[in-house]
Amino acid sequence: MNPWPFVIAAYGVSVALTLALLLWALASMRRAEAAADALKRR
Amino acid sequence: MHALANPTRFLRFARPATTWLLLIGLALTAVGIVAGLALTPPDYLQGETVRILYIHVPSAWLGMAGWMGIAGGSISQLVWRHPLAAVAGRAVAPAGATFAAICLLTGSIWGRPAWGTWWEWDGRLTSMLVLFFLYLGYIALASSERERGGEGRIAAIYGLVGAINLPIIHFSVLWWRTLHQGSSIGVTGSSIDSSILWPLPLTMIGFTCLFAAAVLMRMRAELADAKVEARTRRLSA
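Residue numbers (our numbering), protein chains in the order written: chain L, 243 to 284; chain P, 274 to 510.
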């Protein structure tokens, strides 16, 4: 059994899910802080 | 911890910390992954599949550490009424659930070539799956409590009760000797050869920094949302 497809799949899943978590957290933070700043300026 | 109870003081710390944790986390994780894939020798028994170790072990640690954080926050909320404890719990849960999922998926992918099966109802695997479902339950409970304007006390009690699963995960390989191997890395040493082991601290620290960055970003988002809600209520009153 060729082990590399398993290794690549494991790394692919880990990198994809970690990046998805970070991008979602970053986007939600930016959106929320921009809304708070906009309201403060009003 | 108590010094950061004030949201303004917390944000003064969190803003630069988020950037630093992201940068250090991305750098260490990238170096650790490259080293784990290209610079270490294959294991004499498992061959190339041993490389899954460098992502599987950090994700298992962070899946469990996340719930330890929730349990610590729950105590802080119930005992000291720490104003950020519920916010921290809600911020930790999605990150913990993500790493518990990564642990389950990479373990399953590793299990196929190593054990000949994708899944087995083994003590370690099953207790880790229970942890993942506990996270989903916590996310649902904490967000519904927040929407109803609650203080998050029910979620805090749930967080404490769910911590019972952590020693079960840890000792499962001793209590039920089935498929998953016993601990090969301990506080005093490791049974893994150093030529294979050395990239592991890089990915452990790297993924931990990324986890912490995700938690800080979610906390900042929650605090900004709360500010918007309070201001909107004031303006409409």
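Glycine is no exception: its CB is placed at the ideal position from the N, C-alpha and C atoms. Computed from a predicted model, the values in this text were never measured in an experiment.
{"query": "With 8 Å set as the bound, which would you pick, yes or no: does the beta-carbon of P:P356 sit closer than that to a beta-carbon of chain L?", "result": "no"}
{"query": "By Cβ distance, which residues of its chain are closer than 8 Å to P:L409, with the 5 residues on each side in sequence left out?", "result": "A370"}
{"query": "Thinking C-alpha only, which one of P:P280, P:I325 and P:R288 is nearest P:V360?", "result": "P:P280"}
{"query": "Checking the sheet assignment: what are the DSSP bridge partners for P:G410?", "result": "None; P:G410 has no bridge partner."}
{"query": "Against chain L, does P:H493 count as a neighbour if the rule is that its beta carbon must be under 8 Å from one of theirs?", "result": "First, the amino acid is wrong: residue 493 of chain P is Arg here, not His. Chain L, which has a Cβ nearer than 8 Å to the Cβ of P:R493, makes this yes."}
{"query": "Is the segment 310-326 of chain P in contact with the segment 243-251 of chain L, if contact means three or more CB pairs nearer than 8 Å?", "result": "yes"}
{"query": "Per DSSP, what kind of secondary structure is P:G389 in: helix, strand or coil?", "result": "coil"}
{"query": "Would P:W391 count as contacting chain L if we go by Cβ distances under 8 Å?", "result": "no"}
{"query": "Rank P:E424, P:S457 and P:P472 by C-alpha distance to the C-alpha of P:R363 and give the top, closest one.", "result": "P:E424"}
{"query": "So P:A428 and L:L263 are in contact, right, with Cβ under 8 Å, and what is the actual spacing, rounded?", "result": "Between L:L263 and P:A428 the Cβ distance is about 20 Å, and since that is not below 8 Å, they are no contact."}
{"query": "Three or more beta-carbon pairs under 8 Å between the segment 349-358 of chain P and the segment 435-443 of chain P, yes or no?", "result": "no"}
{"query": "I want to see whether chain L comes within less than 8 Å of P:R504, judged by CB atoms only; does it?", "result": "yes"}
{"query": "P:R363 touches chain L at which residues, Cβ-Cβ below 8 Å?", "result": "Per Cβ cutoff of 8 Å: no residues; P:R363 is ~12 Å from chain L at best."}
{"query": "Using a C-beta to C-beta distance shorter than 9 Å, which residues of chain L count as neighbours of P:V304?", "result": "Per Cβ cutoff of 9 Å: no residues; P:V304 is ~14 Å from chain L at best."}
{"query": "Report the start-end ranges of each alpha helix (DSSP H) in the segment 416-468 of chain P that is 4 residues or longer and not cut off at the edges.", "result": "426-435 and 438-448"}
{"query": "Tell me whether the segment 439-454 of chain P and the segment 270-282 of chain L touch, counting them as touching only if at least three CB pairs, one residue from each stretch, are closer than 8 Å.", "result": "no"}
{"query": "Quick check on the burial criterion: 16 or more other C-beta atoms within 10 angstroms. Buried or exposed for P:E418?", "result": "buried"}
{"query": "For P:P280, would you say it is in contact with chain L, using Cβ-to-Cβ distances shorter than 8 Å as the test?", "result": "no"}
{"query": "Could you work out which residues of chain B lie near P:M490, taking near to mean beta carbons separated by less than 7 Å?", "result": "The chain inventory of the structure shown lacks chain B, comprising the protein chains L and P."}
{"query": "Of the residues P:R385, P:R324, P:D498 and P:L295, which one's Cα is nearest the Cα of P:E420?", "result": "P:D498"}
{"query": "If we ignore side chains and look at the alpha-carbon of each, how far apart do P:L496 and P:F283 end up?", "result": "10 Å"}
{"query": "Is it a yes or a no for the segment 288-303 of chain P touching the segment 454-466 of chain P, going by three-plus beta-carbon pairs under 8 Å?", "result": "no"}
{"query": "Would you list, in chain order, the members of the segment 310-342 of chain P that have their beta-carbon closer than 8 Å to a beta-carbon of chain L?", "result": "L310, G320, E321, T322, R324, I325, I328, H329 and S332"}
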